[in-house]
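Residue numbers (the working numbering): 34 to 281. Every residue gets a Cβ at the ideal spot worked out from N, C-alpha and C, and that includes glycine. Heads up, the thing below is written out as structure tokens.
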């Protein structure tokens, strides 16, 4: 039985004062949970999260990681640096990174590999646009994105990743993916992993990242292959994030 994972993605939000209120609100409520819980925060706040969350049931992580181990790469953050702050997770290939920063599936695959080598668990994001969805290209587009990652990893490393399916067309647009639509893509992703390592496929957590909120979390999390959520806006409000955690 795969354990659910609820991971917050703060994106480029937060301040020392606001973070302290949010983290304290989460710590006060989360003592022991049946699900794993994490927050992925902007790099400047990793030290704050480490200090606030050490010894709690809440893990923390970064929103990106460099493909490079070290060197003259101004502005980049290495996996080793993230490990210094005791990060558990690193998001790679988020749709905003793919869209705004031109990250290709090959770059995402290399970041995934680098995260694993650094002792981090990569949360590998995949997803399709509205144009792709309406043209019936969902499986082809999402399949290509995950296949690039799977092709670079050895069988043993397949069990060390988390996948997050984020239908880009359903994020902040008012459109919604039904639980069954999400389940269909999650099942396809699991089958892609199973083709390479059936044991890993049974254990890899596949999260839903399409605007999961308190009012739809229960239905989504009841699907057989939806193992949690990568939560955006709702992770910035302790009450909403806690409601999703309770649903898991």
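With DSSP run on the structure shown, which of helix, strand or coil describes residue i?
{"i": "residue 128", "result": "helix"}
{"i": "residue 82", "result": "helix"}
{"i": "residue 137", "result": "coil"}
{"i": "residue 146", "result": "helix"}
{"i": "residue 103", "result": "coil"}
{"i": "residue 244", "result": "coil"}
Determine, using beta carbons only, whether residue i comes closer than 7 Å to chain C.
{"i": "residue 258", "result": "The chain inventory of the structure shown lacks chain C, comprising one protein chain alone."}
For residue i, which beta-bridge partners are listed by DSSP?
{"i": "residue 263", "result": "40"}
{"i": "residue 73", "result": "42, 94"}
{"i": "residue 123", "result": "95, 155"}
Less than 7 Å between the beta carbons of residue i and residue j, yes or no?
{"i": "residue 195", "j": "residue 145", "result": "no"}
{"i": "residue 63", "j": "residue 90", "result": "yes"}
{"i": "residue 244", "j": "residue 181", "result": "no"}
{"i": "residue 70", "j": "residue 110", "result": "no"}
{"i": "residue 198", "j": "residue 159", "result": "yes"}
{"i": "residue 200", "j": "residue 230", "result": "no"}
{"i": "residue 241", "j": "residue 253", "result": "yes"}
{"i": "residue 277", "j": "residue 250", "result": "yes"}
{"i": "residue 100", "j": "residue 143", "result": "yes"}
{"i": "residue 161", "j": "residue 174", "result": "yes"}
{"i": "residue 203", "j": "residue 209", "result": "yes"}
Which stretch, first to last residue, makes up the beta strand (DSSP E) that contains residue i?
{"i": "residue 240", "result": "239-241"}
Just to confirm the assignment, what range does the alpha helix (DSSP H) spanning residue i have?
{"i": "residue 277", "result": "271-280"}
{"i": "residue 54", "result": "49-62"}
{"i": "residue 112", "result": "112-117"}
{"i": "residue 258", "result": "First-last for residue 258: undefined, no H or E at that position."}
{"i": "residue 233", "result": "231-236"}
Segments assigned alpha helix (DSSP H), at least 4 residues, entirely inside the stretch 151-228: Listed in chain order, they are 163-167, 171-185, 212-227.
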